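Here the structure is laid out as structure tokens; the discussion comes afterwards.
Numbering (full-length UniProt numbering), first residue to last: 1 to 388.
Okay, structure coming up:
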């Protein structure tokens, strides 16, 4: 039976019928106790049956998880041929939340990553991503982070195998969602640059989405991140990516859109907050969207992400350098008539107050900007008073 099942093209209906008929338990016994040939046939048959969700629970109930892990840790040469199908079965089993009953499984898989072939690494990363994505996996994820999972995964970001690299990115993204402060401590600057480069250069949407998702998990107050974003000129690239995403969405393109928005939105939210320490770094990153060749698209993108109102707030509270950056950015944004109409009135009060109380070197730029907004006659009188 095992030989036939390992070679047959089964439908989901026939997989379900075989599972209900009790085919899994004898196959597991053969996998555990048979000779090498029997183990190979049983593993292939179980792999075939495990593609049906209902059979995954039957596999877990059979107790095969322990046997699969033992096999993956085995250094016996005769059993090496079994490791790849074993890792594939484990990746399927990990889709069930029942696997979380044993909190050590994820840690055991992590410890195997550096000792495995590319195929096994890929399956292990699939399994770990499934485990980390379960709604009740918070304790497991915390334990993974405490045991250095993020540091362990970082070398895989330079993998030439795209599936392995993407799997590592996705796992770092999931592990970093809950506690962004830890990410700053755990992710080295070298690897942060690699993540930024992946967003800029990768041709794979899922890889871009995972990388952008990691960036969106960083605290916006992290100057290291905003400096790297600015230096890499990343935000214009992000706008280009957004404009190239097809109108017909898929789960991957939706994730990419959300991840990119998540990487920009926190920058804007930080400007709206009360903490001013990061203003200059954040404005410097956002200002890359307003370079000569792309200022119009960049202005629209900033407006779409509620950034104009945030920038208007900076002249009220920020440092002189931040005020200078904000005024320069507003001058470019208000070249677009729709933005002048929508935000000009709220900017007017702030800019006139800045002209009165701010640094004198800002006055010429403010004068140009206020003229651009076509103020009412009483505002123009104020202008003449303070700029003559």
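Built from N, CA and C at the ideal position, the CB exists for glycine as well.
Quantities reported herein were computed from a predicted structural model and do not represent experimental measurements.
Going by DSSP, residue 58 is part of the alpha helix (DSSP H) stretching over 53-61. Annotated as proximal: residue 211 and residue 198, with beta-carbon spacing under 8 Å. Cβ-Cβ distances below 8 Å link residue 236 to 288, 289, 291, 294, 298 in the same chain, with the five nearest sequence neighbours on each side left out; the list follows chain order. Rounded to whole angstroms, the gap between the alpha carbons of residue 219 and residue 26 is 52 Å.
Pairing residue 98 with residue 57 gives a Cβ-Cβ distance under 8 Å. Counting along the chain, no alpha helix (DSSP H) covers residue 136, and no H or E run does either.
The beta carbons of residue 209 and residue 256 sit closer together than 8 Å. Taking each of 155, 166, 213, 162 in turn and checking the Cα distance to residue 188, the smallest one comes out for 155. Assigned with DSSP and collapsed to three states, residue 370 falls in helix. Taking every protein chain shown into account, the CB of residue 33 has fewer than 16 other CB atoms within 10 angstroms, so this residue is exposed.
Within a 10 Å sphere around the beta-carbon of residue 174 sit 16 or more other beta-carbons, which makes this residue buried. Taking residue 100 as the centre and dropping the five residues before and after it, the same chain places the C-beta of 131, 134, 136, 137, 140 closer than 8 Å to its C-beta, in chain order.
In this structure, the beta-carbon distance from residue 325 to residue 283 falls below 8 Å. In the structure shown, residue 332 adopts helical secondary structure according to DSSP, grouped into three states. Beta-carbon to beta-carbon, residue 311 and residue 271 are separated by about 7 Å, close enough to satisfy the 8 Å threshold. The beta-carbon distance between residue 314 and residue 279, rounded to whole angstroms, is 6 Å. This is short enough to meet the 8 Å contact definition. Judged by beta-carbon spacing, residue 24 lies beyond the 8 Å limit of residue 83, meaning their Cβ atoms are not closer than that value. Two segments are said to touch when three or more pairs of C-beta atoms, one from each, lie closer than 8 Å; by this definition the segment 189-196 does not touch the segment 159-166. Taking the C-beta atoms as reference points, residue 205 is found no nearer than 8 Å to residue 169. Three or more Cβ pairs closer than 8 Å define a contact, and the segment 30-50 meets that threshold against the segment 66-81. Residue state for residue 44 is assigned as helix, using DSSP reduced to three classes.
In this structure, residue 330 sits near residue 369, with a CB-CB distance shorter than 8 Å.
Residue 263 is positioned such that its CB atom lies no closer than 8 Å to that of residue 223. The residue from 52, 42, 44, 38 with its alpha-carbon nearest to that of residue 15 is 52. Going by beta carbons, residue 112 and residue 125 fall outside the 8 Å limit. A direct Cα-Cα distance of roughly 24 Å separates residue 366 from residue 267. Residue range 337-357 is occupied by the alpha helix (DSSP H) that includes residue 353.
The straight-line gap separating the alpha-carbon atoms of residue 337 and residue 303 is approximately 12 Å. Of the candidates 183, 165, 248, 165 places its Cα closest to the Cα of residue 118. The residue among 163, 203, 316, 217 with its C-alpha nearest the C-alpha of residue 172 is 217.
Remark: C-beta atoms of residue 48 and residue 19 do not approach each other more closely than 8 Å. Annotation: residue 202 to residue 231 spans about 18 Å, alpha carbon to alpha carbon.
CA-to-CA, the gap between residue 345 and residue 362 works out to about 20 Å. Between residue 373 and residue 340, the CB-CB gap stays under 8 Å.
Collapsing the DSSP output to three states places residue 176 in a helix.
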